[in-house]
Amino acid sequence: MRFAAIADIHGNHLALEAVLSDIRAQGIRDIVDLGDMVSGPLDARPTIDMLMALDAVHLLGNHDRYLIDRPHEKMGSWERLTYTQLEPRHLDWLRTLPANSVYRDEVFLCHATPQDDEIYWLETVLPGGEVCMSSLEAIEARAAGVPQSLILCAHTHTARAVRLRDGRLIVNPGSVGSPGYRAGKPHPHVVEAGSPDARYAILEQVDGGWDVTFRHIPYDHTAMAALARRNGQAELASALATGWIR
48 MRFAAIADIH
58 GNHLALEAVL
68 SDIRAQGIRD
78 IVDLGDMVSG
88 PLDARPTIDM
98 LMALDAVHLL
108 GNHDRYLIDR
118 PHEKMGSWER
128 LTYTQLEPRH
138 LDWLRTLPAN
148 SVYRDEVFLC
158 HATPQDDEIY
168 WLETVLPGGE
178 VCMSSLEAIE
188 ARAAGVPQSL
198 ILCAHTHTAR
208 AVRLRDGRLI
218 VNPGSVGSPG
228 YRAGKPHPHV
238 VEAGSPDARY
248 AILEQVDGGW
258 DVTFRHIPYD
268 HTAMAALARR
278 NGQAELASAL
288 ATGWIR
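Be aware that the sequence shown starts at 48, since it is given in the working numbering, and climbs by one per residue.
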């Protein structure tokens, strides 16, 4: 089994185009999408149209959920703009997507954790705002009850692979379209990838185990940074341009 995992596109259609092109160039046909597809101050419509046409397994991320579980006036700034770019058919499609899934009986898929689509799993935010790797004990506790040997998650935009003591592997493929962001929960913090590249992962089953390859793909990130800046999102523009929040 060999497939690609994408996540956290956040309306960045140019990054998505580049990643899908690279996936095809690697000879890969099967794709899983871990959610947070369109919400962001970029260009939601071409992004979701590409994803709806894609033969892939899709999950509903927390920001996708915000577009369909609350009125427009109670959405965050990213969702309010995104909502105006979408048609009813797009929202109807989002409503069909699951929060979690099992891929080919062997891979467990979730957006953030199996229990909650908003909680960091492989990373922990300290009270001072530092973002560090979670303890093995905390990671394993959230994996309880998941029998699959490979577990995929997203949400933190941070590419990482963690091997549990029982041999299971948890992988976050990183973010296709948002290499940095600022958040307020559980404590104010920033996440920065350090480069503007689009990210995804290739997973391959080899001799009963899993091989993971993280891919960083250049694309026209300056165009998306300019779009974020025009939409009043200076920090996101900085992240898209450089990989850093400045």
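Just so it is clear, CB atoms sit at the ideal spot from N, CA and C, and this is done for glycine as well.
- Relative to glycine 192, the option among Trp257, Pro161 and Gly227 whose CA is nearest is Pro161.
- In the structure shown, the three-state DSSP call for alanine 146 is coil.
- Threonine 129 sits close to serine 86, with the two beta carbons spaced by under 7 Å.
- Here aspartate 111 is buried, its C-beta having at least 16 other C-beta atoms within 10 Å.
- Relative to the Cα of glutamine 195, the nearest Cα in the group Asp80, Asp213, Thr205 and Ala72 belongs to Asp213.
- Methionine 84 is classed as buried because its beta carbon has at least 16 other beta carbons within 10 Å across all chains shown.
- In this structure glycine 58 is buried. Its beta-carbon is surrounded by 16 or more other beta-carbon atoms within 10 angstroms.
- Inclusion of tyrosine 167 and threonine 205 in the CB contact set at 7 Å is not warranted, their separation being larger than that value.
- Taking 8 Å as the upper bound for CB-CB distance, aspartate 116 and leucine 98 are not in contact here, some 19 Å apart.
- DSSP places methionine 180 in the strand class (E or B) of the three-state scheme.
- Distance between asparagine 109 and threonine 269, taken at the CA atoms: about 27 Å.
- One Cα belongs to arginine 210, the other to arginine 276, and the distance between them is close to 39 Å.
- Our two residues, alanine 103 and aspartate 152, have alpha carbons roughly 15 Å apart in a direct line.
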